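Novice: Counting in this note's numbering, the sequence shown runs from 734 upward without gaps.
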Amino acid sequence: MDQIRDAIQAGDTPAEDFANMPLPESMKAITIHKDEETIFEGVDSKDKDPRKTLHLDDVPLPELGPGEAYVAVMASAINYNTVWSSIFEPVSTFGFLKRYGKVSDLTARHDLPYHILGSDLSGVVLRTGAGVHAWKPGDEVVAHCLSVELEDPAGHNDTMMDSEQRIWGFETNFGGLAQIALVKSNQLLPKPAHLTWEEAASPGLVNSTAYRQLVSGNGGGMKQGDVVLIWGASGGLGSYATQYALNGGAIPVCVVSSEDKADICRSMGAELIINRREEDYRFWKDETTQDPKEWLRFGKRIRELTGGEDIDIVFEHPGRETFGASVFVTRRGGKIVTCASTSGFVHEYDNRYLWMNLKRIIGSHFANYRESFEANRLIDKGMIHPTLSQVFPLEETGEAAFHVHRNLHQGKVGVLVLAEAEGLGVRDTDKRDKYINEINRFRGI
Ligand code: NAP
C-alpha cells in the first residue's frame, strides 16, 4: 500500500506505472459485521453508538469484474447512510447485500458476513475491468454512488429508474471507507484539480442529491427568484442546497438549530434564517397529534422574512417532525421535494392544504450519472464549494460517524484513508489561488 500511496503523492507517476503496480491481497477497511446485527436490540435510536459497530478490519481485495475499477482511496467522507448502516436502522444493510448477491454470479461477491461501507471517495484508478474505455490506471477521480445494472429498459431515460438501482457502499459492498474501493466505471468523475483529497471526497453523495432534489427537472426544477425553504441548511445536504439556491438566483430561507449554524448560512451568503430552537416550534403536541397553530406561526415567520411571500420549493428531509409544516407553508402550486425521513418515515399532513392549493409532493433520491456529473462540474468550476468541517483518520471513522449521528457536526465530515495528512492532492495551484477565499470560507463550515 505504501508504494501505491507514494506513487500517488508524487503527482507525476506515469499511468503505466500504476497499471503495473502489484496489488495487495488484503487491505484495511471500515466494516460492520453480520453477527452484530442485533447488538442494539431494545436500545433507543439516539443512544445507538456507531463507535461500537464500525470496525477497522483487514479484508481480502474483492475480485475485479467487467465494467469495474479498483480505486486507491485517498479520502472518503461520512454520510448519514454510514450512520444508518452502523446502527442497523431502519433495516440491516446485510439484507441489501443478500438481495444484490442473487442478481448474478458477479454480484454474489457482495454477499459477505462483513459490509465495507462508504459512499464517497477521492483517489486514483489502479486497474479497470474488461470493457472499460473511458478511464485508465493513474486517473485522479471522485466517485458518485449510483450503482445500476441497466439490463432492462426502465433505467434508460433516467438511470435512477433502473430496477436494479442501488447506493454503492450502502446497498452494495466494497465502499469508499477502504484503502481500495471497487466501483463500476460509470460511477467515476474527474477529481477537481484545485481541491485536496479530503475536500474532493466530501461533496459527492450530498452534492449530487441536493442537485437533483432542488435544481434538476427530475426534482424541484428551481428557477430564479424561487423562495426555497431549506431544512438543516448548514448540514450535509442543506449546505449544498443553500449554495444551489444562492448560486441559481433563488431566495433560500434557511432553517437551523443554533446561532453557530445560522452564522454558517450567513457566511455562505444567505440572509433569511430561522433558528428553530430559538423559535421553539412544537409542530407535534404529542406523539400522535400535530398543532396547526404552530404551522401557522412558522408560516408567519417565513412571511416576515420574505416580505409576505410563501415557499415555492421545500427542501425536505427531516420527515415526520416537519412534513406537516412543510406542506402547510408551501405556496399555491408549490412543491415539497423529499429525499428522506430522518425523524420518522410515516408522515402526516393535512391534505386539504395540498389538493385545494394544487401543491405537489415529489420524491427524490440520489441522482443519475448526468446529474452527478453536473454537480461535480459545478464544484470543478468553483461555483459550488466543499463544506468540510472536520477530518478524521480511517481508524477513527466510528468517532466521525458518532458526530454525525449526534448532530455535533456541520457541513460534511471527512475521512483520510491513504492520504497521510490533510492538504495534499492539489494539482492546480493557480485555480486554487483563484478560489482560495471561497474555499477557506466554506472549509470553515
Ligand atoms: P445531516 O448532515 O445530519 O444534516 C441534517 C440536518 O437536518 C441536521 O443537521 C439538522 O439541522 C436537521 N434536522 C435533523 N433532524 C431534524 C428535525 N427533526 N427537524 C428539523 N430539522 C432537523 O444529514 P444529511 O447528510 O443532510 O442527511 C439528512 C437526511 O437525508 C438523512 O436521513 C440522510 O440519510 C438522507 N439522505 C438521503 C439521500 C437520498 O439520496 N435519498 C441522500 C443524502 C441524504 P439543524 O439541527 O441545524 O436544524
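Note that the Cβ used here is the ideal one computed from N, Cα and C, for glycine as well.
Computed from a prediction, not measured in an experiment: that's the story for all the values here.
1. Just to confirm, does residue 747 get its C-beta within under 8 Å of one of the non-hydrogen atoms of the ligand NAP?
2. Can you name the start and end residues of the beta strand (DSSP E) that residue 801 belongs to?
3. Could you tell me whether the Cβ atoms of residue 981 and residue 1018 are closer together than 9 Å?
4. Assuming residue 975 contacts residue 1001 under a Cβ cut-off of 8 Å, what Cβ separation, rounded to an integer in Å, is found between them?
5. Does DSSP put residue 1063 in a helix, in a strand, or in coil?
6. So for residue 878, helix, strand or coil by DSSP?
7. Counting beta carbon pairs with one atom in the region 1095 to 1104 and one in the region 1118 to 1136, are three or more of them shorter than 8 Å?
8. At which residues does the beta strand (DSSP E) containing residue 972 begin and terminate?
9. Just to confirm before moving on: does the CB-CB distance between residue 763 and residue 928 stay below 9 Å?
10. Rank 972, 908, 1055, 978 by C-alpha distance to the C-alpha of residue 1014 and give the top, closest one.
11. Hey, out of 770, 1062, 1103, whose CA is closest to residue 888's CA?
12. Mind reading off the beta-carbon distance from residue 961 to residue 978? Whole number of angstroms is fine, and I expect it under 8 Å.
13. Thinking C-beta only, is residue 1039 closer than 9 Å to residue 984?
14. So does residue 762 have its beta carbon nearer than 8 Å to some heavy atom of the ligand NAP?
15. Between which two residues does the beta strand (DSSP E) holding residue 855 run?
16. Consider the C-beta atom of residue 813 and the heavy atoms of the ligand NAP; say whether any pair is separated by less than 8 Å.
17. Under a three-way DSSP split, which group does residue 1098 fall into?
18. Is residue 1013 helix, strand or coil when you go by DSSP?
19. My guess is that residue 815 and residue 851 are in contact by the Cβ rule of under 8 Å, so how many angstroms apart are they, rounded?
20. For residue 1119, I'd like the list of residues in its chain whose CB is within less than 6 Å of its CB, leaving aside the five on either flank, ordered along the chain.
21. By a C-beta neighbour count over all protein chains shown, 10 Å radius and 16 as the cutoff for buried, is residue 1035 buried or exposed?
22. When the Cα of residue 1130 is compared with those of 818, 779, 1111, 789, which residue comes out closest?
23. Between which two residues does the beta strand (DSSP E) harbouring residue 917 extend?
24. Alpha carbon to alpha carbon, how far is residue 743 from residue 1159?
25. Would residue 990 count as contacting chain D if we go by Cβ distances under 9 Å?
26. Which residues mark the beginning and the end of the alpha helix (DSSP H) in which residue 737 is found?
27. Quick check on the burial criterion: 16 or more other C-beta atoms within 10 angstroms. Buried or exposed for residue 873?
28. Which residue comes first and which comes last in the beta strand (DSSP E) that contains residue 1050?
Specialist: Per the coordinate set shown:
1. No, the Cβ of residue 747 stays beyond 8 Å of every heavy atom of the ligand NAP.
2. For residue 801, the uninterrupted beta strand (DSSP E) run begins and ends at 801 to 811, by DSSP.
3. The Cβ atoms of residue 981 and residue 1018 do not sit closer than 9 Å to each other.
4. Rounded to whole angstroms, the Cβ separation of residue 975 and residue 1001 is 5 Å, and the two are in contact under 8 Å.
5. Annotated three-state conformation of residue 1063 is strand, per DSSP.
6. Three-state DSSP puts residue 878 in coil, outside helix and strand.
7. They do not touch, by the three-pair rule.
8. That residue, residue 972, is in no beta strand (DSSP E); its alpha helix (DSSP H) goes 969 to 980.
9. Their beta carbons are not under 9 Å apart, which means residue 763 does not touch residue 928 by this criterion.
10. Per the Cα distances, 1055.
11. Comparing Cα-Cα distances from residue 888 to each of 770, 1062, 1103, the minimum goes to 1103.
12. For residue 961 against residue 978, the beta-carbon gap comes to about 5 Å, under 8 Å, which counts as contact.
13. Annotated as proximal: residue 984 and residue 1039, with beta-carbon spacing under 9 Å.
14. Distances from the CB of residue 762 to the heavy atoms of the ligand NAP are all 8 Å or more.
15. Run containing residue 855: 855 to 861, per the beta strand (DSSP E) assignment.
16. Yes, the Cβ of residue 813 comes within 8 Å of a heavy atom of the ligand NAP.
17. Coil at residue 1098, not helix or strand.
18. The DSSP-derived three-state label of residue 1013 is coil.
19. Indeed, because the Cβ distance is near 7 Å, the residues count as touching under 8 Å.
20. Excluding residues within five positions, the ones whose Cβ falls inside 6 Å are 932, 935, 936.
21. It counts as buried.
22. Ranking 818, 779, 1111, 789 by Cα distance to residue 1130 puts 789 first.
23. Taken as a continuous stretch (DSSP letters only), the beta strand (DSSP E) holding residue 917 covers 913 to 917.
24. One alpha carbon belongs to residue 743, the other to residue 1159, and they sit about 12 Å apart.
25. In summary, chain D is missing from the structure at hand, where a single protein chain is found.
26. Residues 735 to 743.
27. Buried, because 16 or more other Cβ atoms sit within 10 Å of the Cβ of residue 873.
28. Where residue 1050 is concerned, there is no enclosing beta strand (DSSP E), given that its DSSP letter is neither H nor E.
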